[in-house]
Amino acid sequence: MRVPVGLTLLLLVAGCEDIRRFEGVWVGPVSADPAHQQGFGQAAFLRANIGTVSRTAIDLTIDLPQASAPLRFEPIRHAADDALGDLRLEGEPLRTFLGFLRPPAGEPYLAVVSLFAEDRVDVRIIRGPDEAYGVFSLKRARSNR
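Each residue of the sequence shown is one higher than the one before, starting from 1 at the first, in the working numbering.
Set out below in structure tokens:
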């Protein structure tokens, strides 16, 4: 049985979400759950700037609450080509990226960045077994125009 080309293209487009729409500035607070605030104050706030994003790569800087300048997200090489590239978390994110943030002083943070269909970006900032574990749920920043 032959499937019409138009139907095939429609099915492909319906199954693929364009994640380029996540480009821009995202902001949000740390989780209200104290277990997800380890190493961060209750009023901690995070800002993320997504330059470009695709299924396999993300150009991203993150302003940590205690940092003086944005930190570049350094993706873990080859994670996108491995099973980690399809990592599934609660809420079924469209895509999850794993990488590091390297502050000028101190050890790097592991960063887990998840993009959700409902226009939400979750960022988990982790350092050591118990030093830092913060979960931030970000929404698109409002324009000042």
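Positions of the beta carbon are idealized from the N, C-alpha and C atoms, including for glycine. As the structure is a prediction and not an experimental result, all values here were calculated from the model.
With 16 other Cβ atoms within 10 Å as the buried cut-off, status of A117: Working through the sequence shown from its first residue, we reach residue 117 at position 117. It is exposed - the Cβ of A117 has fewer than 16 other Cβ atoms within 10 Å.
Extent of the continuous beta strand (DSSP E) run through S114: Position 114 of the sequence shown, counted from the first residue, corresponds to residue 114. Under the DSSP assignment, S114 falls in the beta strand (DSSP E) whose first and last residues are 109–116.
Residues of its chain near S143, where Cβ-Cβ distance is below 6 Å and the 5 sequence neighbours each way are ignored: Stepping through the sequence shown from its first residue, residue 143 is reached at position 143. No residues qualify anywhere along the chain.
Sequence-distant residues of the same chain with beta carbon closer than 6 Å to F22, five excluded per side: Here residue 22 corresponds to residue number 22 of the sequence shown, with the count starting at 1. Beyond the five residues adjoining it in sequence on each side, F22 comes within less than 6 Å, by CB distance, of I50, V53, L115 in the same chain, given in chain order.
Beta-carbon proximity check, G99 vs A83, cutoff 8 Å: Looking up residue 99 in the sequence shown gives position 99. Looking up residue 83 in the sequence shown gives position 83. No; because the gap between Cβ atoms is not below 8 Å, this pair is not in contact.
Inter-residue spacing [alpha-carbon to alpha-carbon] between A57 and D33: The residue given as residue 57 occupies position 57 in the sequence shown. The residue given as residue 33 occupies position 33 in the sequence shown. When rounded, the distance between both Cα atoms is 30 Å.
Distance, E131 Cα to R55 Cα: Here the question's residue 55 lines up with position 55 in the sequence shown. Here the question's residue 131 lines up with position 131 in the sequence shown. Straight-line Cα distance between these residues: approximately 31 Å.
Continuous beta strand (DSSP E) stretch holding F136: start and end: Walking along the sequence shown from the start, residue 136 turns up at place 136. Unbroken beta strand (DSSP E) run through F136: 132–140.
Neighbourhood of T61 by C-beta distance below 6 Å, restricted to the same chain and skipping five residues each side: Working through the sequence shown from its first residue, we reach residue 61 at position 61. Around T61: N49, P70, R72.
Sequence ranges, beta strand (DSSP E) only - wholly within the segment 43–80, length at least 3: As far as the segment 43–80 is concerned, its whole beta strand (DSSP E) runs of at least 3 residues are 45–53, 58–63, 71–75.
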